[in-house]
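Here the structure is laid out as structure tokens; the discussion comes afterwards.
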Amino acid sequence: RGGAGLGAAWQETARTFRCRRSRWLPCGPGPPGFLCARPPATVSRRSSLGHPAAQPGPMAQTPDGISCELRGEITRFLWPKEAELLLKTWLPERDGAEQGHVLALLRWRAYLLHTCLPLRVDCTFSYLEVQAMALQETPPQVTFELESLPELVLELPGVAALEQLAQHVAAAIKKVFPRSSLGKLFRRPTSPSMLARLERRSPSEDTAASSPCGGFLETYEALCDYNGFPFREEIQWDVDTIYHRQGCRNFSLCDFSHLGSRDLALSVAALSYNLWFQCLSCVDMKLSLEVSEQILHMMSQSSHLEELVLENCGLRGDFVRRLAQALAGHSSSALRELSLTGNLLDDRGMIALSRHLEHRPGALRRLCLAQTGLTPR
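The sequence shown begins at 1 in full-length UniProt numbering and counts up by one.
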């Protein structure tokens, strides 16, 4: 399903950093960012929610049918993360029985929780794993096509809850990928009328672009969640203090030279669909293969980056050839200035780049190749 729905482009960006599966779950109360592995939860027939036809339990119920006690347990279980939306849901079984669950929707991730105490997780997934969703109004039901899990079918108490779920997931995806299309995310039997309602409520591309630095930190945070990486506060500080407040559109990897290569590569990945930054630069700092690979992928996706400056950073000899391949397959690239000064490059790469430029005259306004070891030919 590599080309299914919206998944192919953004999941290729995120998949570069996949280091954990969704069974890595928070341990509950503990130091922020601490994760541990839990075994898959076993199926439980008991539930404090029950089926809609079941008699209410002894715990005080709120209007959405989720008890106050259960809400408190979920809050403690997910700490330090917070659920933005809790939905009562049921997981159909082959024998006709149904298991009561709560779907906890966080900012970038969903948890399907058993409702018997102590709480256990049935499954969890990042919204970046969603390849497609199918919404059915009668009975209210959603089918998720996911990257790392089998097809997930959930029943909900009503159409309003179904739309809340769809809107939450779609809004999160739109924040990260502002040019994504809901028509590709939602598949049949999603009705045209429901799709139209979701599109009206969906944040526009202009809304995403108005976020600080084009929503860079939101994309970065979503990729951190997807891969199980810690969110680096120093990246947040630099983006807020240097780039946003000063209106700087040159993302310099040298500002983050103290970080590991995976953190650097993740920040480059966050630029792939960004509509704010116009330049990516790295001068006099050796780039790891991991970061170089992500730069190539970013250049195959970005339609906004106009300048790439990689000077004296130890690029491999075949980098230019692979860059030419990335640009040749990306007709909407905005690249206008390229500087590879101080890197040892090979002639074959320059020949490939020259052939690409022949087919796109005027694509580059400035090209710097000083001290690259190229021969006169």
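The C-beta atom is built at its ideal place from N, Cα and C for all residues, glycine as well.
Inset, instruction - Whole angstroms is fine: what's the gap from residue 133's alpha carbon to residue 342's? - result: Mapped onto the sequence shown, residue 133 falls at position 133. Mapped onto the sequence shown, residue 342 falls at position 342. If you take the alpha carbons of residue 133 and residue 342, they lie about 48 Å apart.
Legend entry - Complete alpha helix (DSSP H) runs within the segment 146 to 233 (minimum length 4 residues, chain order): 159 to 176, 182 to 185, 192 to 201, 205 to 209 and 216 to 227
Inset, instruction - Identify, in the order they occur along the chain, each residue of the same chain with its Cβ nearer than 7 Å to the Cβ of residue 73, setting aside the five sequence neighbours on each side. - result: Taking the sequence shown and counting its residues from 1, the one referred to as residue 73 is at position 73. Excluding residues within five positions, the ones whose Cβ falls inside 7 Å are 117 and 119.
Legend entry - C-alpha gap between residue 113 and residue 357, whole angstroms: Position 113 of the sequence shown, counted from the first residue, corresponds to residue 113. Position 357 of the sequence shown, counted from the first residue, corresponds to residue 357. Those two C-alpha atoms are separated by around 54 Å.
Legend entry - Sub-8 Å separation of residue 254 and residue 298 beta-carbons: The count along the sequence shown starts at 1 and reaches residue 254 at position 254. The count along the sequence shown starts at 1 and reaches residue 298 at position 298. Cβ distance not < 8 Å, so residue 254 and residue 298 don't count as in contact.
Legend entry - Whole alpha helix (DSSP H) elements within the segment 295 to 357, 4-residue minimum: 319 to 328
Inset, instruction - Check residue 90 in the structure and name its three-state DSSP category. - result: As a working mapping, residue 90 is identified with position 90 in the sequence shown. It is a strand residue.
Inset, instruction - Check the C-beta distance from residue 130 over to residue 146 and give it rounded, since I have them as a contact under 8 Å. - result: Numbered from 1 along the sequence shown, position 130 holds the residue referred to as residue 130. Numbered from 1 along the sequence shown, position 146 holds the residue referred to as residue 146. About 6 Å; that satisfies the 8 Å criterion.
Legend entry - Helix, strand or coil at residue 388 [DSSP, three-state]: Any answer about residue 388 is impossible in this case: the structure gives the chain only from 1 up to 377.
Inset, instruction - State the DSSP-derived secondary structure class of residue 238, mapped to helix, strand or coil. - result: Numbered from 1 along the sequence shown, position 238 holds the residue referred to as residue 238. In this structure, residue 238 counts as helix in the three-state DSSP scheme.
Legend entry - Rounded Cβ spacing between residue 162 and residue 140 (contact assumed at less than 8 Å): Here residue 162 corresponds to residue number 162 of the sequence shown, with the count starting at 1. Here residue 140 corresponds to residue number 140 of the sequence shown, with the count starting at 1. Contact holds; Cβ gap of about 5 Å.
Legend entry - DSSP-derived helix/strand/coil call for residue 19: By 1-based counting over the sequence shown, the position of residue 19 is 19. Here residue 19 scores only 36 on pLDDT, less than 50, and its place in the model should not be relied on; the value that follows carries that caveat. Three-state result, residue 19: coil.
Inset, instruction - Would you verify that the beta carbon of residue 132 is, or is not, closer than 8 Å to some beta carbon of chain C? - result: Among the chains of the structure shown, chain C does not appear; only one protein chain is present.
Inset, instruction - With a threshold of 16 other CB atoms inside 10 Å of the CB of residue 294, please say whether the residue is buried or exposed. - result: Translated into positions along the sequence shown, residue 294 becomes position 294. Buried is the call here.
Inset, instruction - Apply the 10 Å Cβ neighbour rule to residue 340 and answer buried if 16 or more other Cβ atoms are within range, or exposed otherwise. - result: The residue you call residue 340 lines up with position 340 of the sequence shown. With 16 or more other Cβ atoms within 10 Å, it is buried.
Legend entry - Residues near residue 218 by beta carbon distance below 8 Å, same chain, minus five either side: Position 218 of the sequence shown, counting from 1, holds the residue named residue 218. These residues qualify, in order along the chain: 175, 176 and 211.
Inset, instruction - Assign residue 344 to one of two classes, buried (16 or more other C-beta atoms within 10 Å of its C-beta) or exposed (fewer than that). - result: Taking the first residue of the sequence shown as position 1, residue 344 is located at position 344. Classification for residue 344: exposed.
Legend entry - Short Cβ contact (8 Å threshold) for residue 89 with residue 149: Here the question's residue 89 lines up with position 89 in the sequence shown. Here the question's residue 149 lines up with position 149 in the sequence shown. No, they are not a contact pair.
Inset, instruction - Sort out for me which residues DSSP pairs residue 121 with in a bridge. - result: Residue numbering aside, residue 121 sits at position 121 when the sequence shown is read from its first letter. Residue 121 pairs with 113.
Legend entry - Reduced DSSP category for residue 144 - H, G, I as helix; E, B as strand; rest coil: On the sequence shown, residue 144 is found 144 positions in, with the first residue counted as 1. Reduced to three states, the DSSP call for residue 144 is strand.
Legend entry - Anticipated Cβ contact below 8 Å, residue 307 with residue 348, distance rounded: Your numbering for residue 307 matches position 307 in the sequence shown. Your numbering for residue 348 matches position 348 in the sequence shown. About 25 Å separates the two Cβ atoms, so there is no contact after all.
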